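One structure is given below, encoded as structure tokens.
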Amino acid sequence: MDKIRKAPEIGSRLQALRKQQGLSLDDMAGRSKISRSMLSQVERGLANPTFATLWALTQALGIDIATLIGEAADASEQAIELVEAHNTPRIHSADGHCVLQILSPPETTGDMEWYRLEIEPGASLTSQPHASGSREHLSILSGEALVIAAEAQQKALAGSTVRYRADVPHSISNTGNEKLEALLVVLPG
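For the sequence shown, counting from 1, position 40 maps to 40 in the UniProt record's numbering; every step adds exactly one.
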């Protein structure tokens, strides 16, 4: 019977890796620019870190995300991986009107990334150009969107997929009266 994997225990791994490098919480806070209080909460399992927080922590430790979340398990343990909703990293826009839920596993970062996207009515997610040749694929689950890539524009309704260059300034706007929900796949060039 296949094993079902539980979400990784990030806190205890983070603490072990930090101590292995001889770093105090204050040292780690200084290196990562994450508050000492937040670090303590993450290590004790009281806070679920965002992808941005995980990135800052791994950069401060000089490791990749897979090391932190323990992706080095053997293949038999990876037959089925369950990541529960509360352990799925979310990125919120500065204005709080857009949420990207990171669905792709950490080991695909830079190769292919996919997200669940939610944008409030009238709000937009604006992105700077990605690497040369990058493309995005936006599948609308509900609502309506306006995608702009460079000077090109395309409106899309639920059930549609829009594919566009992402190596130019681009944006996704909710032009409807309800929340826009979509799946976004980013493919590098």
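Quick reminder that beta carbons are idealized off the backbone N, C-alpha and C, glycines included. As the structure is a computational prediction, the values presented were derived from the model and not from experiment.
Near residue i, what residues of its chain come up, given a Cβ to Cβ distance below 6 angstroms and the 5 sequence neighbours on each side ignored?
i           : result
residue 170 : 127 and 149
residue 188 : 131 and 134
Hey, quick one: how far does the alpha helix (DSSP H) through residue i stretch, first residue to last?
i          : result
residue 42 : 36-43
residue 19 : 10-20
residue 66 : 65-69
Can residue i and residue j be called in contact, C-beta distance under 8 angstroms?
i           : j           : result
residue 54  : residue 65  : yes
residue 180 : residue 152 : no
residue 139 : residue 175 : no
residue 141 : residue 183 : yes
residue 172 : residue 147 : yes
Near residue i, what residues of its chain come up, given a Cβ to Cβ distance below 8 angstroms and the 5 sequence neighbours on each side ignored?
i           : result
residue 74  : Annotation note: pLDDT 45 at residue 74 (below 50); position unreliable, coordinate value reported separately. Around residue 74: no qualifying Cβ.
residue 129 : 166, 167, 168, 169 and 170
I need the DSSP call for residue i, collapsed to helix, strand or coil.
i           : result
residue 59  : helix
residue 196 : One cannot answer for residue 196 here, as it falls past the ends of the chain, which runs 1 to 189.
residue 52  : helix
residue 182 : strand
residue 151 : coil
residue 107 : helix
residue 86  : helix
residue 23  : coil
residue 173 : strand
residue 46  : coil
Could you spell out the range, first to last residue, of the beta strand (DSSP E) harbouring residue i?
i           : result
residue 161 : 161-165
residue 126 : 124-127
residue 139 : 135-142
Can you determine whether any heavy atom of the ligand ZN sits closer than 7 angstroms to the C-beta of residue i, and answer yes or no?
i           : result
residue 148 : This structure lacks the ligand ZN, and indeed carries no ligand of any kind.
To the nearest whole angstrom, what separates the beta carbons of residue i and residue j, a pair I think is in contact under 8 angstroms?
i          : j          : result
residue 56 : residue 32 : 4 angstroms
Compare the C-beta of residue i against all C-beta atoms of chain C and say whether one is closer than 8 angstroms.
i           : result
residue 176 : Within the model displayed, chain C is absent; a lone protein chain is all it includes.
Quick one: what's got a C-beta closer than 7 angstroms to residue i's C-beta in the same chain, skipping five residues either side?
i           : result
residue 114 : 103, 104, 183, 184 and 185
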